[in-house]
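Written below as structure tokens is the structure these notes are about.
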Amino acid sequence: MARRIVHQLVDDIDGTLLEVGEGETVHFSLGGIAYEIDLTNAHADELRNALDPYIKAGRRATASAARPNAPRRRAARNSDSAAIRSWAKEQGLEVNERGRIAADVVEAYNAAH
88 MARRIVHQLV DDIDGTLLEV GEGETVHFSL GGIAYEIDLT NAHADELRNA
138 LDPYIKAGRR ATASAARPNA PRRRAARNSD SAAIRSWAKE QGLEVNERGR
188 IAADVVEAYN AAH
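Here you go:
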């Protein structure tokens, strides 16, 4: 038996079926939370027009400024990597022999020292 799977996009505002080549997925963020919404071309224009005065009055932010409550992570220095790996193994934490050390392991190491 043959199976046919059809992927259809629907306008998230009014439920209009978006045919191939119609509408778009609009990505935006507010309050440090990223969103995406599937819209007809008309609804996408409405959204942009509604946001236009705020965009014109605002300024672009860096990724870290866009997420002010995001935890700041400091990468381990190469000279500390061996010590962090050794400490993590002694604590029973999983850590790779090579490559980047997981941020939570580095934070635990920094908190302990």
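Per the numbering used here, residue 88 is the first one in the sequence shown, and the count goes up by one each step. Heads up, the beta-carbon is just placed ideally off N, CA and C, and yes, glycines get one too.
Original post:
Relative to the C-alpha of A170, which residue among R147, N197, N136 and A148 is closest?
Top reply: Along the sequence shown, one-based indexing puts residue 170 at 83. Looking at the Cα atoms, N197 is the closest of the given residues.
Original post:
Which partner residues of I124 appear in the DSSP bridge assignment?
Top reply: By one-based count along the sequence shown, residue 124 stands at place 37. Note: I124 sits in a beta bridge opposite V113.
Subject >> Simplified DSSP assignment, three categories, for L96 >> reply: Mapped onto the sequence shown, residue 96 falls at position 9. DSSP places L96 in strand when its eight states are reduced to three.
**OP:** Assign L138 to one of three DSSP states: helix, strand, or coil.
**Re:** By 1-based counting over the sequence shown, the position of residue 138 is 51. L138 falls in the helix class under three-state DSSP.
Subject >> With 16 other Cβ atoms within 10 Å as the buried cut-off, status of H114 >> reply: One-based indexing of the sequence shown puts residue 114 at position 27. The residue in question, H114, is exposed, as its Cβ has fewer than 16 Cβ neighbours within 10 Å.
Subject >> Segment limits, alpha helix (DSSP H) that includes E194 >> reply: Position 107 of the sequence shown, counting from 1, holds the residue named residue 194. Segment A190 to A199, the alpha helix (DSSP H) holding E194.
Original post:
Quick one: is T149 buried, meaning 16 or more other Cβ sit within 10 Å of its Cβ, or exposed?
Top reply: As a working mapping, residue 149 is identified with position 62 in the sequence shown. Exposed, since its Cβ has fewer than 16 Cβ neighbours within 10 Å.
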